[in-house]
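Residue numbers (my numbering): 17 to 506.
Cβ coordinates follow ideal geometry from the N, Cα and C atoms, glycine included.
A quick note: this is a predicted structure, and the numbers were derived from the prediction, not measured.
In what follows, a structure is listed as structure tokens, so that the remarks can point back to it.
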Ligand SMILES: O=P(O)(O)OC[C@@H](O)[C@@H](O)c1c[nH]c2ccccc12
């Protein structure tokens, strides 16, 4: 059992995870590991293999500390039935009582009704007795959260699952935790995109961590996945499966789109490293990612690539920097990935832009206009959203696209077409609390060092600031831009 004992040990009020565990320990003291329920001494159902296709773990979750009430009075039996009808073969049942409104009796009810479905017990399990009770109650798999267990306890619980013949989904959310579990080499590794302290969801977290897994694991991307595109993104980035809670609790019909996304992603995966995997590898350099945008000349493309740009941007919308398919076909192989910048209704249709990616002329799209979210969420090519941000509500509506990253256009006074406005510091600070910063607009060799030092962005995007005239890059400025970036990191 973990060593969190007194109220003062709980300390920081925000650390919800500690509170959950503390309260759970108190309830175990009072009611035992069985939650005061009668759990059969002998398991009554055969163990069903966990992780059969389609590997979408559909979750039963009434409420949560981060999302509040999701489906309070819901009949969980009916919900499970909906999942099964949609084709689910793996159901996660949250059994934590106080914060998630669950119970072991939910798990037993669902197992009794659907004995052919593999059931994951999702709880803050703390010792071997928890594993044993889960098994007897009918769980086919248990969640073991590395972040709340010490190495010895984790090992004992993991061994217990092996002894009982059920699966363990070992959950991590940091590199450190991943290293800790590597001695176990678990078959199923869950990587949680939700930071359990801040509640922020970054769906790139599993992409970042996954490549550090040195054994043959089946990785499950957890949290914040709602749409076809999310499932596509996860599976093209190496997910064997996904765990989906809120989206399916609210709309079980989403299952079909998620399953289609998983299959689409598998096809992409066969073609090699995904766009997002590439970016997460490049991120390990000691400077922000760099996108050089508005390229119109082959020599500039080659030079930006040689300087180490991570992304090369090509404007497909109406603009003095607009390029066409013919131009893109003349570009040779580059180290950097190629991005098409699209503004809905200007110069190119979404379909034609998507075709450029599918034909291998581009690697991903950046959507800079008012494209309908549903449209983008059904695309099976990599994309991210960009938006010009003037106030918090702009920011929130851009964030609502739920794209893996959001590029915010800073509209500074140096911006091409100068608006005379610069993005508010407080707005950037606000953005930083929500997402990793991808920043564009008004950047140049003169200001980049300060901006990087001040905001530590994950990606910087420059176009006019490194030009001699629209579309024509200035080699000296380009070179200086990179030099300043390296300087900033010193
Ligand atoms: O509702 P979402 O965003 O789809 O997230 C589901 C799942 O990942 C989340 O419920 C979860 C992942 N790990 C946990 C550990 C404990 C409680 C809950 C969780």
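* Start and end of the beta strand (DSSP E) containing residue 455? -> By 1-based counting over the chain shown, the position of residue 455 is 439. First-last of the beta strand (DSSP E) with residue 455: 454-456.
* Asked: What are the boundary residues of the alpha helix (DSSP H) that residue 449 is part of?
  -> By 1-based counting over the chain shown, the position of residue 449 is 433. The continuous alpha helix (DSSP H) containing residue 449 extends over residues 441-450.
* May I ask whether a heavy atom of ligand 1 can be found less than 8 Å away from the beta carbon of residue 142? => What you label residue 142 is simply residue 126 of the chain shown in a count that begins at 1. Checking the Cβ of residue 142 against ligand 1 gives no.
* Assign residue 51 to buried or exposed, taking buried as 16 or more other Cβ atoms, counted over all protein chains shown, within 10 Å of its Cβ. => Taking the chain shown and counting its residues from 1, one reaches residue 51 at position 35. Flag for residue 51 reads buried.
* For the alpha helix (DSSP H) containing residue 270, list its first residue and its last residue. => Start at 1 with the first residue of the chain shown, and residue 270 comes out as number 254. Element bounds for residue 270: 270-286.
* Would you be able to state if there are at least three C-beta pairs under 8 Å between the stretch 174-192 and the stretch 223-231? => Yes: at least three Cβ pairs fall under 8 Å.
* With residue 126 as the anchor, note down where its alpha helix (DSSP H) starts and where it stops. => If you number the chain shown from 1, residue 126 lands on position 110. Going by DSSP, residue 126 is part of the alpha helix (DSSP H) stretching over 120-129.
* Rounded straight-line distance, which links the Cα of residue 55 to that of residue 145 -> In the chain shown, the residue the question calls residue 145 occupies position 129. In the chain shown, the residue the question calls residue 55 occupies position 39. Between residue 145 and residue 55, the C-alpha separation is close to 12 Å.
* Beta-carbon gap between residue 454 and residue 421 smaller than 9 Å -> On the chain shown, residue 454 is found 438 positions in, with the first residue counted as 1. On the chain shown, residue 421 is found 405 positions in, with the first residue counted as 1. Yes.
* Could you check the C-alpha separation between residue 496 and residue 384 for me, to the nearest Å? => Counting from one through the chain shown, the residue named residue 496 turns up at place 480. Counting from one through the chain shown, the residue named residue 384 turns up at place 368. Straight-line Cα distance between these residues: approximately 27 Å.
* Hey, is residue 101 close to ligand 1, as in C-beta under 8 Å from one of its heavy atoms? -> Position 85 of the chain shown, counting from 1, holds the residue named residue 101. No; taking the cut-off as 8 Å, the Cβ of residue 101 has no heavy atom of ligand 1 nearer than that.
* The alpha helix (DSSP H) with residue 251 in it runs from where to where? -> One-based indexing of the chain shown puts residue 251 at position 235. Per DSSP, residue 251 belongs to the alpha helix (DSSP H) from 244-252.
* Asked: Mind checking residue 272: buried by the 16 CB within 10 Å criterion, or exposed?
  -> Within the chain shown, the letter at position 256 stands for residue 272. By the beta-carbon neighbour count (other beta carbons within 10 angstroms, threshold 16), residue 272 is exposed.
* Asked: When the Cα atoms are used, what is the spatial distance from residue 479 to residue 284?
  -> Sequence index remark: in the chain shown, residue 479 carries index 463 (1-based). Sequence index remark: in the chain shown, residue 284 carries index 268 (1-based). Residue 479 and residue 284: Cα-Cα distance of roughly 30 Å.
* For residue 89, does the three-state DSSP call read helix, strand or coil? -> What you label residue 89 is simply residue 73 of the chain shown in a count that begins at 1. Assigned with DSSP and collapsed to three states, residue 89 falls in coil, not helix or strand.
* To do: Counting only the same chain and skipping the five closest in sequence on each side, list residues whose C-beta sits under 7 Å from that of residue 261.
  => Position 245 of the chain shown, counted from the first residue, corresponds to residue 261. Only 75 and 77 meet the Cβ criterion.
* Neighbourhood of residue 326 by C-beta distance below 8 Å, restricted to the same chain and skipping five residues each side -> Residue numbering aside, residue 326 sits at position 310 when the chain shown is read from its first letter. The answer, listed in chain order, is 295, 298, 305, 306, 307, 352, 353 and 475.
* To do: Rounded to whole angstroms, what's the CA-CA distance from residue 213 to residue 451? Just pull it up for me.
  => Here residue 213 refers to the residue found at position 197 when the chain shown is read from its first residue. Here residue 451 refers to the residue found at position 435 when the chain shown is read from its first residue. Approximately 15 Å between the Cα atoms of the pair.
* Do residue 164 and residue 37 have their C-beta atoms within less than 9 Å of each other? -> Here residue 164 refers to the residue found at position 148 when the chain shown is read from its first residue. Here residue 37 refers to the residue found at position 21 when the chain shown is read from its first residue. Between residue 164 and residue 37, the C-beta spacing is below 9 Å.
* **Any beta strand (DSSP E) of 3 or more consecutive residues that is wholly inside the stretch 152-188** => Fully enclosed beta strand (DSSP E) runs of 3 or longer: 157-161 and 183-188.
* To do: May I ask whether a heavy atom of ligand 1 can be found less than 8 Å away from the beta carbon of residue 195?
  => The residue given as residue 195 occupies position 179 in the chain shown. False, no ligand heavy atom lies under 8 Å from that Cβ.
* Asked: Going along the chain, which unbroken runs of the alpha helix (DSSP H) with 4 or more residues stay wholly within the stretch 27-65?
  -> Taken in chain order, the whole alpha helix (DSSP H) runs of length 4 or more contained in the stretch 27-65 are 32-47.
* Asked: Should the stretch 315-323 be called in touch with the stretch 390-397, which here means at least 3 C-beta pairs below 8 Å?
  -> No: the two stretches stay apart, fewer than three of their Cβ pairs being nearer than 8 Å.
* What residues sit near ligand 1, counting only those whose C-beta is closer than 5 Å to one of its heavy atoms, in chain order? -> Output, sorted by chain position: 208, 238, 239, 240, 259, 260, 261 and 262.
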